[in-house]
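From first to last, the protein sequence lines stand for chains P and D. Our numbering numbers the first residue of the first sequence as 1240 and each following residue consecutively. Our numbering numbers the first residue of the second sequence as 49 and each following residue consecutively. Following: one structure in structure tokens, then a few remarks.
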Amino acid sequence: AQSVTQLGSHVSVSEGALVLLRCNYSSSVPPYLFWYVQYPNQGLQLLLKYTSAATLVKGINGFEAEFKKSETSFHLTKPSAHMSDAAEYFCAMTRAGKSTFGDGTTLTVKP
Amino acid sequence: EAGVAQSPRYKIIEKRQSVAFWCNPISGHATLYWYQQILGQGPKLLIQFQNNGVVDDSQLPKDRFSAERLKGVDSTLKIQPAKLEDSAVYLCASSSRLLSYEQYFGPGTRLTVT
Chain P
1240 AQSVTQLGSH VSVSEGALVL LRCNYSSSVP PYLFWYVQYP NQGLQLLLKY TSAATLVKGI
1300 NGFEAEFKKS ETSFHLTKPS AHMSDAAEYF CAMTRAGKST FGDGTTLTVK P
Chain D
49 EAGVAQSPRY KIIEKRQSVA FWCNPISGHA TLYWYQQILG QGPKLLIQFQ NNGVVDDSQL
109 PKDRFSAERL KGVDSTLKIQ PAKLEDSAVY LCASSSRLLS YEQYFGPGTR LTVT
């Protein structure tokens, strides 16, 4: 069975600091991988996706993620956090058309 | 391009009542998903349609939940009768295989069962 694990349900960083949100997946073959962001009272919005092309993927709002097959990881990073980045972030995988989401990481940005 | 539309945005009902949610996906997207998101958790897939056929409903509580997608476009999710534990946000999403299954989400319907 496929699964997605997000390490750390809450991450807090200072404004301007590095953001690192961790995601590990379990799948017998490399799946499609996604990061979504959810702001309060809104649906999820795609940040970026990995579809077996470049392993370093750049997304919107300065976020990027690196696919590491050997570590079955797809961690999300941003060099410098902004107050507007405070939200909940979900890692997801899709294989054979079936999607699985992690439980999410709440990012808090302190001034 | 219009996004995924859902209605209503909020619904409060008493337990044992019935409720229905509506979703209109992005035009041309063959795949439609209904998710249940309980506070503090990730979205849990309830049912996935490919056009008007069901691809996966393994996590749909079929004794009380039902869903349909007429003509492969709009979809309705129904709960009858509702239980307290059904309180959650119900998200609809759509995708296209041509876009590597990236999903476009609607704003969700927040259901409170009292």
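Cβ coordinates follow ideal geometry from the N, Cα and C atoms, glycine included.
**OP:** Taking SER135/D as the reference, give the member of VAL161/D, SER142/D, TYR83/D and PRO129/D with the closest Cα.
**Re:** VAL161/D
Original post:
Which same chain residues, not among the five before or five after THR1311/P, have their C-beta less than 6 Å away from its C-beta?
Top reply: ASN1263 and TYR1264
Original post:
For LEU1285/P, which residues in chain D fall below 8 Å Cβ to Cβ?
Top reply: GLU150, GLN151 and TYR152
Original post:
Looking only at its own chain, which residues have a Cβ that is under 7 Å from the Cβ of LEU159/D, when we skip the five neighbours before and after it?
Top reply: LYS59, VAL67, ASP134, SER135, ALA136 and TYR138
**OP:** Starting from LEU93/D, find everything on chain P with Cβ-Cβ shorter than 7 Å and list it in chain order.
**Re:** SER1338
Original post:
What is the DSSP secondary structure of GLY198/D, reduced to helix, strand or coil?
Top reply: Outside the shown range of chain D (49 to 162) lies residue 198/D, about which nothing can therefore be said.
**OP:** Apply the 10 Å Cβ neighbour rule to THR1333/P and answer buried if 16 or more other Cβ atoms are within range, or exposed otherwise.
**Re:** buried
Original post:
Do LEU1285/P and TYR1278/P have their C-beta atoms closer together than 7 Å?
Top reply: no
**OP:** Could you check if LYS1308/P is buried or exposed, using at least 16 other CB atoms within 10 Å of its CB as the buried criterion?
**Re:** exposed
**OP:** Reducing DSSP to helix, strand and coil, say where GLY90/D ends up.
**Re:** coil
**OP:** Could you name the residues that DSSP lists as bridge partners for VAL52/D?
**Re:** DSSP output for VAL52/D lists no bridge partner at all.
Original post:
For the 8 Å Cβ check, are there 3 or more pairs between the stretch 1240-1248 of chain P and the stretch 1334-1345 of chain P?
Top reply: yes
**OP:** Provide the residue span of the beta strand (DSSP E) that contains MET1332/P, from first to last.
**Re:** 1326-1334
Subject >> Beta-ladder partner(s) of GLN1245/P, from DSSP >> reply: CYS1262/P
**OP:** Report yes if the CB atom of PHE97/D is closer than 7 Å to the CB atom of LEU80/D, and no otherwise.
**Re:** yes
Original post:
Nearest-angstrom Cα distance between GLY1282/P and GLY156/D?
Top reply: 6 Å
Original post:
Which one of VAL102/D, LEU94/D, ASP122/D and SER123/D has the shortest CA to CA distance from ASN109/D?
Top reply: In the sequence on display, residue 109/D carries Pro and not Asn. Nearest option by C-alpha distance: LEU94/D.
**OP:** Out of SER142/D, ASP111/D and GLY88/D, point me to the one whose CA is closest to ASN100/D's CA.
**Re:** SER142/D
**OP:** Express the C-alpha separation of LYS1297/P and TYR1289/P in angstroms, rounding to a whole number.
**Re:** 9 Å
Original post:
Given ILE61/D, which residues of its chain have a CB within under 7 Å of its CB, disregarding the five upstream and five downstream residues?
Top reply: VAL67, ALA130 and VAL161
Original post:
Cα-Cα, which of GLU1327/P, VAL1252/P, SER1251/P and LEU1257/P is closest to THR1316/P?
Top reply: LEU1257/P
Original post:
Which residues bound the beta strand (DSSP E) around HIS1314/P?
Top reply: 1312-1317
**OP:** Output yes if chain P places a C-beta closer than 7 Å to the C-beta of GLY90/D; else output no.
**Re:** yes
Original post:
Does any CB atom of chain P fall closer than 7 Å to the CB of PRO2/D?
Top reply: Chain D is shown only over 49 to 162; residue 2/D falls outside these bounds and no answer can be derived.
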